[in-house]
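Chemist: For what it's worth, this note's numbering labels the leading residue of the sequence shown as 24, then goes sequentially. Every residue, glycine too, gets a C-beta built ideally from N, C-alpha and C. Before I ask anything, here is the structure I am working with.
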Amino acid sequence: MKKTKLFFLAALTSLMATAQTTFDLDWFMGVSNANASITIGTGDTVRWTWTDALPHSVTSDSGSQENFDSGILTGNGTQFSYTFTQVGVNPYKCEVHSNMQGTITVEQTVSIDEKFRKNISLYPNPVSNKLTLVSLYKLDSYKIHNILGKLVAQGVANGNITEIDMSNLQSGMYFINAISGELQSTFKVMKQ
Ligand SMILES: [Cu+2]
24 MKKTKLFFLA ALTSLMATAQ TTFDLDWFMG VSNANASITI GTGDTVRWTW TDALPHSVTS
84 DSGSQENFDS GILTGNGTQF SYTFTQVGVN PYKCEVHSNM QGTITVEQTV SIDEKFRKNI
144 SLYPNPVSNK LTLVSLYKLD SYKIHNILGK LVAQGVANGN ITEIDMSNLQ SGMYFINAIS
204 GELQSTFKVM KQ
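Spelled out as structure tokens, the structure:
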């Protein structure tokens, strides 16, 4: 009985650990390198969506681990997907606009929780007033606990970029809990 349960748990864990993800990136004139760059696991797919009416391509650059090229496509809502299978670094660009570029970093497949965590950044830290949370997963909500574990603030997150006003919190260490569906991750932030 015990062995069966353990086996089931192990099977479930390995299933979760290899779940593949599709990451969405907006692709448009003026996109920043940071917003066009992402860390994924082997077997994950990146899907670029054209969000302006200009012609663009998604084209791997020299030195890229894998070769991919959408060709030059035009049209708001146009999409190009590519599944990365090799560990490595993939700089890419738009062949029409040389300032549109980013990097897809592919690591050995990691759990969804790890991917979630790796694709969230918070700044500034330490923070005085406004904390910005950038996540490639669209966030639903956030919670802030103090060092004693007391919930001191919470709110609805606003998709990929969430701004949190921390101006009325006392100085000290806080734990920011970023939540997206079933996924959540906690980050330490110092309030000045
Ligand atoms: Cu372009």
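1) When burial is assigned at 16 or more other CB atoms within 10 Å of the CB, is T185 buried or exposed?
2) Beta strand (DSSP E) containing F91: first to last residue?
3) L96 bridges to which residues according to DSSP?
4) Pull every residue with its beta-carbon under 5 Å away from any heavy atom of ligand 1, and keep them in chain order.
5) Which residues in the same chain have their Cβ closer than 7 Å to the Cβ of N142, if we skip the five residues on either side of it in sequence?
6) In the DSSP assignment, find the beta strand (DSSP E) that holds E186 and state where it starts and stops.
7) How is the beta strand (DSSP E) around F46 delimited, first residue to last?
Modeler: If we stick to the structure as given:
1) buried
2) Taken as a continuous stretch (DSSP letters only), F91 belongs to no beta strand (DSSP E), as it is neither H nor E.
3) H79
4) H79, C117, V119, H120 and M123
5) I61, T62, S158, L159 and Y160
6) L174 to D188
7) T45 to W50
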